[in-house]
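Q:
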Amino acid sequence: MRIKGIMGTSAGAITGSLFSAGYSAEDILRETTRDPPWKLLRPNLFFWEGLFCLDAVVERMRELLPATFEELTEVDFACAVLSSEGAYTVVDSGALPEAVVASAAIPFLFKKVEIPGREDEGPFADGGARERVGLAPWRERVRASRSGDPPLALVHLIQRSFGPFSGNDDMSSVQETHYSQVTSPKSGVTLLSLGDYEKQYEEARARTKARIADLGQQAPRRVKSKKKV
Numbered sequence: 001m002r003i004k005g006i007m008g009t010s011a012g013a014i015t016g017s018l019f020s021a022g023y024s025a026e027d028i029l030r031e032t033t034r035d036p037p038w039k040l041l042r043p044n045l046f047f048w049e050g051l052f053c054l055d056a057v058v059e060r061m062r063e064l065l066p067a068t069f070e071e072l073t074e075v076d077f078a079c080a081v082l083s084s085e086g087a088y089t090v091v092d093s094g095a096l097p098e099a100v101v102a103s104a105a106i107p108f109l110f111k112k113v114e115i116p117g118r119e120d121e122g123p124f125a126d127g128g129a130r131e132r133v134g135l136a137p138w139r140e141r142v143r144a145s146r147s148g149d150p151p152l153a154l155v156h157l158i159q160r161s162f163g164p165f166s167g168n169d170d171m172s173s174v175q176e177t178h179y180s181q182v183t184s185p186k187s188g189v190t191l192l193s194l195g196d197y198e199k200q201y202e203e204a205r206a207r208t209k210a211r212i213a214d215l216g217q218q219a220p221r222r223v224k225s226k227k228k229v
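In the UniProt record's numbering, the protein residues as written are 1 to 229.
What follows is the structure in structure tokens.
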């Protein structure tokens, strides 16, 4: 089953962008666990804007990703952010590394991130704080570019690790249909430790493979993958 599109928020934006750039699942695991989170964080003197700055994370993503969304030619990728006015915004063009990190900038914990070319809307925060799934905005985007019903979406929802700042896990308000969901328990990641990430990776991979196998038996259609954290 070939993945044609990915939308992610928070850590899902980071892993989704790396996959869209051609990294394998094993590559992504290695790159995202190279250092504990605290090594890439810097205290923010203006703490009321967020306790930590993500500048070092932006630099790391610039090393790993193309400069723009337009350079992702194999997979249609988008991520969600909140503008300075609180507007939920799907970003799918322009500066890629900065947009991905902005999508992981949990309010109050991290300082908002500027996205080059969008200075009039920024700085930006984690879109997942407002809407973790983003299925409806993604589908609106798809409908605007093609006719007919949107393809089946596979939603991977990881239960929130940072309480209410990580957004809402409730899927009952999602009005969309024709999607399937995989749910993983919260990662237990803290600023000091990534936890037992290898075990979590294997368990999440097994759950997802089983769900995809079920979908393949039901209807051999292309799947739009959506990563959430």
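Even for Gly, the Cβ is constructed at its ideal location relative to N, Cα and C.
#1: Buried or exposed for K111, please, with buried defined as at least 16 other CB atoms from any protein chain shown within 10 angstroms of its CB.
#2: So within the UniProt domain "PNPLA" (1–139), which uninterrupted alpha helix (DSSP H) runs reach at least 4 residues, ignoring any that extend past its ends?
#3: Which residue comes first and which comes last in the beta strand (DSSP E) that contains V189?
#4: Helix, strand or coil, according to DSSP, for V155 in the structure here?
#5: Taking the Cβ atom as the reference point for each residue, do T9 and S103 lie within a distance shorter than 8 Å?
#6: So, with DSSP's three-state summary, where would you put Q200?
#7: Taking just the CA atoms, how far does R211 sit from V151?
#8: For V182, write down the residues that DSSP places opposite it in a beta bridge.
#9: From the DSSP output, in three-state form, read off G216 for me.
#10: Check whether chain D comes within 8 Å of L154, counting only Cβ atoms and requiring the distance to be less than that.
#11: Give me, in chain order, the residues of the same chain whose beta-carbon lies closer than 6 Å to that of E176; leave out the 5 immediate sequence neighbours on both sides.
#12: Do P107 and A129 have their C-beta atoms within less than 8 Å of each other?
#13: Please state whether DSSP places T208 in a helix, a strand or coil.
A: Walking through what the data contain:
#1: To locate residue 111, count along the sequence shown from 1; it is residue 111. So K111 ends up on the buried side.
#2: 11–20, 25–32, 55–64 and 96–102
#3: Translated into the one-based positions of the sequence shown, residue 189 becomes position 189. Neither: V189 is in no beta strand (DSSP E) and is coded neither H nor E.
#4: Translated into positions along the sequence shown, residue 155 becomes position 155. In the structure shown, V155 sits in a strand (DSSP, three-state: E or B).
#5: Locating residue 9 in the sequence shown gives position 9, where the first residue counts as 1. Locating residue 103 in the sequence shown gives position 103, where the first residue counts as 1. Yes.
#6: Here residue 200 refers to the residue found at position 200 when the sequence shown is read from its first residue. It is helical.
#7: Here residue 151 refers to the residue found at position 151 of the sequence shown. Here residue 211 refers to the residue found at position 211 of the sequence shown. Before going on, a small fix: residue 151 reads as Pro here, not Val. Roughly 16 Å separates the two Cα atoms.
#8: Position 182 of the sequence shown, counted from the first residue, corresponds to residue 182. Paired residues: H156.
#9: What you label residue 216 is simply residue 216 of the sequence shown in a count that begins at 1. Three-state DSSP puts G216 in a helix.
#10: Structure shown: chain D not included; a single protein chain is present.
#11: As a working mapping, residue 176 is identified with position 176 in the sequence shown. Cβ within range, chain order: L135, A136 and R139.
#12: In the sequence shown, counting from the first residue as 1, residue 107 sits at position 107. In the sequence shown, counting from the first residue as 1, residue 129 sits at position 129. Yes, the Cβ-Cβ distance between P107 and A129 is below 8 Å.
#13: Working through the sequence shown from its first residue, we reach residue 208 at position 208. Three-state DSSP puts T208 in a helix.
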